[in-house]
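Peer 1:
Protein chains: 2
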Amino acid sequence: MKNNIKVQRAIKNITQAELAEMIQVSRQTINTIESGKYVPSTVLALKIAKVFNVKVEDIFELEENE
Amino acid sequence: MKNNIKVQRAIKNITQAELAEMIQVSRQTINTIESGKYVPSTVLALKIAKVFNVKVEDIFELEENE
DNA sequence: ACTTTTTGTAAATTATACTTGACATTAATG
DNA sequence: CATTAATGTCAAGTATAATTTACAAAAAGT
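Going down the list, the sequences are from chains C and P. FYI, in the numbering used here the residues of the first sequence are 2 to 67. FYI, in the numbering used here the residues of the second sequence are 2 to 67.
Next up, the structure:
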């Protein structure tokens with residue numbers, strides 16, 4: 002699954018640490034999600050989308066094989 | 002986290018087993034997600050939303066404490 | 001009433017999300 | 001160049017998602 006959290010952060014000028022604090026997770030969680038190391042829960046996806054005022058689909062995208 | 006999968010299924014007239022097969026998970030996974038027993042991954046949420054031609058936010062909703 | 005389909009649930013196991021702490025690397029600033 | 005901020009990554013542990021098998025209960029159909 003792809004995501005564009007880095008771009009969304011750049012638009013809002015937010016660091017990984019700041020985003021992490023906003024949605025109450027560790028900075029590493031944001032870092033690993035952003036780098037595609039693992040797929041977040043729907044709760045986190047909804048919270049992240051909420052922070053950026055976009056839909057979940059605007060941030061997370063399924064790949065071909067998924 | 003709340004969800005309205007049951008309603009979405011009713012609209013499309015799809016059983017839990019059928020939905021499960023469509024997105025390649027077990028029927029129990031659909032059942033437990035639908036009954037709110039656990040929160041699905043974002044991959045599953047995206048797939049479910051795709052089946053019903055709606056956004057993730059149209060199916061899954063954060064609660065107050067989340 | 002009987003049969004079949006659908007749904008609910010439980011226990012055990014496996015896979016993976018998430019945390020914490022720590023350190024290395026890179027980017028930005030003085 | 002030196003310092004600080006930001007990001008990348010690793011390892012170990014905890015929490016929880018997801019699977020399988022199996023059975024019970026409820027709903028729907030004949």
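Glycine included, every Cβ here is placed at the ideal spot set by N, Cα and C.
Can you give me the start and stop residues for the alpha helix (DSSP H) that residue 31 of chain P sits inside?
Peer 2: Locating residue 31 of chain P in the second sequence gives position 30, where the first residue counts as 1. Element bounds for residue 31 of chain P: 28-35.
Peer 1: Go through its chain and collect everything with a Cβ distance to residue 38 of chain C's Cβ below 7 angstroms, but skip five positions before and after it.
Peer 2: Here residue 38 of chain C refers to the residue found at position 37 of the first sequence. Excluding positions up to five away in sequence, the list is empty.
Peer 1: Can the beta-carbon of residue 7 of chain C be found closer than 8 angstroms to that of residue 58 of chain P?
Peer 2: Position 6 of the first sequence, counted from the start, is the residue given in the question as residue 7 of chain C. Position 57 of the second sequence, counted from the start, is the residue given in the question as residue 58 of chain P. No, they are not a contact pair.
Peer 1: Taking all protein chains shown into account, do 16 or more other C-beta atoms lie within 10 angstroms of the C-beta of residue 12 of chain C, making it buried, or fewer, making it exposed?
Peer 2: Position 11 of the first sequence, counting from 1, holds the residue named residue 12 of chain C. Its Cβ having fewer than 16 others within 10 Å, residue 12 of chain C is exposed.
Peer 1: At the level of alpha carbons, what is the spacing between residue 20 of chain C and residue 49 of chain C?
Peer 2: As a working note, residue 20 of chain C is residue 19 in the first sequence. As a working note, residue 49 of chain C is residue 48 in the first sequence. In a straight line, the C-alpha of residue 20 of chain C is about 8 angstroms away from that of residue 49 of chain C.
Peer 1: Find the nearest neighbour of residue 64 of chain C within the set P:54, P:44, P:62, judged by alpha-carbon distance.
Peer 2: Stepping through the first sequence from its first residue, residue 64 of chain C is reached at position 63. Out of P:54, P:44, P:62, P:44 has the C-alpha closest to the C-alpha of residue 64 of chain C.
Peer 1: Give me the residue from P:26, P:41, P:15, P:29 with the minimum Cα distance to residue 3 of chain P.
Peer 2: The residue given as residue 3 of chain P occupies position 2 in the second sequence. Among P:26, P:41, P:15, P:29, the Cα nearest to that of residue 3 of chain P belongs to P:41.
Peer 1: Kindly list, in the order they appear in chain C, the residues whose Cβ is closer than 8 angstroms to that of residue 42 of chain P.
Peer 2: Numbered from 1 along the second sequence, position 41 holds the residue referred to as residue 42 of chain P. Going along chain C in sequence order, the residues near residue 42 of chain P (Cβ under 8 angstroms) are 40, 41, 42, 43.
Peer 1: Looking at residue 17 of chain C: is its Cβ nearer than 8 angstroms to the Cβ of residue 32 of chain C?
Peer 2: Counting from one through the first sequence, the residue named residue 17 of chain C turns up at place 16. Counting from one through the first sequence, the residue named residue 32 of chain C turns up at place 31. Yes, the pair counts as a contact, with Cβ atoms nearer than the cut-off.
Peer 1: Cβ closer than 9 angstroms: which chain C residues qualify as neighbours of residue 67 of chain P?
Peer 2: As a first step, residue 67 of chain P is located in the second sequence; it is residue number 66 there, counting from the start. Ordered by position in chain C, the residues that pass the 9 angstroms Cβ test against residue 67 of chain P are 44, 47, 48.
Peer 1: Give the single residue among P:30, P:28, P:51 whose Cα lies nearest to the Cα of residue 67 of chain C.
Peer 2: Counting from 1 along the first sequence, the entry for residue 67 of chain C is found at position 66. Comparing Cα positions, the closest option is P:51.
Peer 1: Using DSSP bridges, identify the partner residues of residue 51 of chain C.
Peer 2: Within the first sequence, residue 51 of chain C is the residue found at index 50, counting from 1. The partner list for residue 51 of chain C (beta bridge, DSSP) is empty, contrary to what the question assumes.
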